[in-house]
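Residue numbers (this note's numbering): 24 to 449.
We treat Cβ as the ideally placed atom computed from N, Cα and C, and that holds for glycine.
What follows is a single structure, written as structure tokens, with notes after it.
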């Protein structure tokens with residue numbers, strides 16, 4: 024073989040090899056195109072995303088980890104607030120005793136769980152609470168789902184909602200009890216009840232307010248029961264209530280009530296087995312009331328001429344036991360004053376500086392040394408109390424100071440507690 028033939032053979036071999044390499048590379052490219060490529064993960068925003076660009080304000084900070092089993096209750100402040108603007112609309116907070124509105128209710132859950140509310144409490148999606156744009160904070164409102172009649176009282180401790188057709192924003196638990204958590208919104212009626220005490224441990228009272236719209240006689244199917252079928256000490260007596268005679272060993276004798284019966288004439292008691300307007304009703308479900316009156320309700324005059332009411336006397340016992348099982352049975356005496364009095368009585372043995380008087384809330388701090396420094400700076404001015412709150416990232420350290428004078432508040436500010444404010448319990 025001469026050199027020319029040898030070169031020609033080599034050229035052909037190189038061309039064949041290049042063709043084979045091209046086929047292999049092309050096959051690899053085709054396989055690569057056919058293989059599913061991993062998609063870049065985009066950050067998913069929660070369903071309840073609160074856009075600062077849309078509302079003009081930031082979402083409140085999360086101060087308690089969502090993994091905490093039990094969120095703290097209360098700890099906020101009484102406030103009505105100044106007029107404010109959101110999304111171009113002005114809101115004017117005020118107390119309206121006769122407030123009643125019909126509109127849409129929404130609800131908010133895990134995205135806000137553990138965050139501060141507008142009055143300084145911590146939002147708990149498992150608590151029966153709500154946000155309202157203008158009601159005093161904290162206060163109580165009754166919300167009724169117009170589609171099924173379910174109704175309950177909620178603790179209003181936050182601001183919102185700000186959509187044009189919404190009148191109130193309920194916690195997830197409240198939405199579940201009104202049975203619209205799967206629908207997002209519901210047509211509701213909102214009625215203002217009154218101011219709420221700063222003590223936030225009112226779960227039993229709020230649960231007792233529930234009314235099941237599916238039961239025509241008002242006996243809820245959730246285990247909560249209505250105790251009274253007639254008037255209570257907090258509601259007016261109708262003008263034609265029959266009187267019942269009552270007497271006891273102390274010499275008390277029944278007398279007629281003016282304008283309710285003819286002078287000197289006592290109405291006969293109802294026949295045995297008959298249900299009177301004021302008799303307790305015990306449903307087949309729910310907890311059993313451990314104590315109830317053993318005599319018919321009536322008005323009695325005792326020695327010395329004092330007029331007493333067996334019904335009113337029984338109300339005191341009910342309120343005193345309001346934090347026990349019986350609390351769920353007495354929805355008819357659920358008033359802000361009764362709730363406040365009962366809670367204060369049950370906590371009379373508490374010794375912290377914030378229980379019974381005005382105090383300075385110096386705030387919560389991530390750094391324990393900073394909290395210690397501020398507590399030490401304020402200790403010469405009065406009784407200082409420290410509170411530790413567990414979170415997912417450690418603990419928060421709270422500082423409070425007994426008293427509420429301007430000098431104490433200025434001293435707290437000067438010590439570095441820039442967000443200190445006065446708390447005035449009811």
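Exposed unless 16 or more other CB atoms sit within 10 angstroms - verdict on residue i
{"i": "residue 206", "result": "exposed"}
{"i": "residue 180", "result": "buried"}
{"i": "residue 457", "result": "Because residue 457 is not part of the residues shown, which for the chain are 24 to 449, the question remains open."}
{"i": "residue 354", "result": "Residue placement at residue 354 cannot be trusted, given a pLDDT of 40 that sits under 50; what the coordinates show is reported in the next sentence. Buried, because 16 or more other Cβ atoms sit within 10 Å of the Cβ of residue 354."}
{"i": "residue 308", "result": "With a pLDDT of 40 at residue 308, under the threshold of 50, the modelled position of this residue cannot be trusted; read the value that follows with caution. Residue 308 comes out exposed."}
{"i": "residue 118", "result": "exposed"}
{"i": "residue 120", "result": "exposed"}
{"i": "residue 441", "result": "exposed"}
{"i": "residue 103", "result": "exposed"}
{"i": "residue 402", "result": "exposed"}
{"i": "residue 188", "result": "exposed"}
Cut-off 6 Å between Cβ atoms - residues of its own chain near residue i, not counting five sequence neighbours on either side
{"i": "residue 213", "result": "124, 164, 166, 190 and 191"}
{"i": "residue 236", "result": "171, 172 and 173"}
{"i": "residue 314", "result": "Residue placement at residue 314 is poorly supported in this model, since its pLDDT is 38, which falls under 50; the coordinates still yield a value, given next. Cβ within range, chain order: n/a, list empty."}
{"i": "residue 155", "result": "179 and 191"}
{"i": "residue 126", "result": "190"}
{"i": "residue 410", "result": "421"}
{"i": "residue 201", "result": "168 and 173"}
{"i": "residue 405", "result": "424, 425 and 426"}
{"i": "residue 208", "result": "127 and 129"}
{"i": "residue 395", "result": "none"}
Same chain, Cβ closer than 8 Å to residue i, neighbours up to 5 away in sequence not counted
{"i": "residue 391", "result": "418 and 420"}
{"i": "residue 71", "result": "In this prediction, residue 71 has a pLDDT of 46, which is less than 50 and means its spatial position is unreliable; nothing more can be read from the coordinates."}
{"i": "residue 106", "result": "113, 114, 115 and 116"}
For residue i, the three-state DSSP class (helix, strand or coil)
{"i": "residue 436", "result": "helix"}
{"i": "residue 181", "result": "strand"}
{"i": "residue 227", "result": "helix"}
{"i": "residue 233", "result": "coil"}
{"i": "residue 170", "result": "coil"}
{"i": "residue 138", "result": "strand"}
{"i": "residue 214", "result": "strand"}
{"i": "residue 77", "result": "Since pLDDT at residue 77 reaches only 45, below the 50 mark, its modelled position is unreliable, and no value is offered."}
{"i": "residue 425", "result": "strand"}
{"i": "residue 338", "result": "Note that residue 338 scores 43 on pLDDT, short of 50, meaning its location in the model is unreliable and no value can be drawn from it."}
{"i": "residue 418", "result": "strand"}
{"i": "residue 187", "result": "coil"}
{"i": "residue 408", "result": "strand"}
{"i": "residue 391", "result": "helix"}
{"i": "residue 151", "result": "coil"}
{"i": "residue 204", "result": "coil"}
{"i": "residue 221", "result": "coil"}
{"i": "residue 444", "result": "strand"}
{"i": "residue 196", "result": "helix"}
{"i": "residue 124", "result": "strand"}
{"i": "residue 110", "result": "coil"}
{"i": "residue 96", "result": "coil"}
{"i": "residue 378", "result": "Confidence at residue 378 is low in this model, with a pLDDT of 47, below 50, so the placement of that residue should be treated as unreliable; the coordinate-derived value is given next. It is coil, neither helix nor strand."}
Cβ-based neighbour list, residue i, same chain, cut-off 7 Å, excluding 5 preceding and 5 following
{"i": "residue 78", "result": "Here the model assigns residue 78 a pLDDT of 41, short of 50, so the residue's position is not dependable, and the following value carries that caveat. Cβ neighbours of residue 78 beyond the five flanking positions: 109, 110 and 185."}
{"i": "residue 432", "result": "383, 443 and 445"}
{"i": "residue 400", "result": "438"}
Candidates the options, of which the one nearest residue i by Cα
{"i": "residue 115", "options": "385, 157 and 199", "result": "157"}
{"i": "residue 228", "options": "126, 393, 150 and 130", "result": "150"}
{"i": "residue 210", "options": "396, 174, 142 and 135", "result": "174"}
{"i": "residue 122", "options": "97, 112, 159 and 145", "result": "159"}
{"i": "residue 225", "options": "203, 95, 126 and 422", "result": "95"}
{"i": "residue 386", "options": "215, 405 and 144", "result": "144"}
{"i": "residue 182", "options": "146, 204, 381 and 404", "result": "146"}
{"i": "residue 393", "options": "435, 101 and 168", "result": "435"}
{"i": "residue 389", "options": "169, 399 and 422", "result": "422"}
{"i": "residue 135", "options": "107, 105 and 194", "result": "194"}
{"i": "residue 381", "options": "426, 404, 131 and 405", "result": "426"}
Residue i and residue j closer than 8 Å at C-beta
{"i": "residue 161", "j": "residue 99", "result": "yes"}
{"i": "residue 129", "j": "residue 148", "result": "no"}
{"i": "residue 438", "j": "residue 383", "result": "no"}
{"i": "residue 178", "j": "residue 219", "result": "yes"}
{"i": "residue 197", "j": "residue 153", "result": "yes"}
{"i": "residue 424", "j": "residue 412", "result": "no"}
{"i": "residue 199", "j": "residue 97", "result": "no"}
{"i": "residue 168", "j": "residue 215", "result": "no"}
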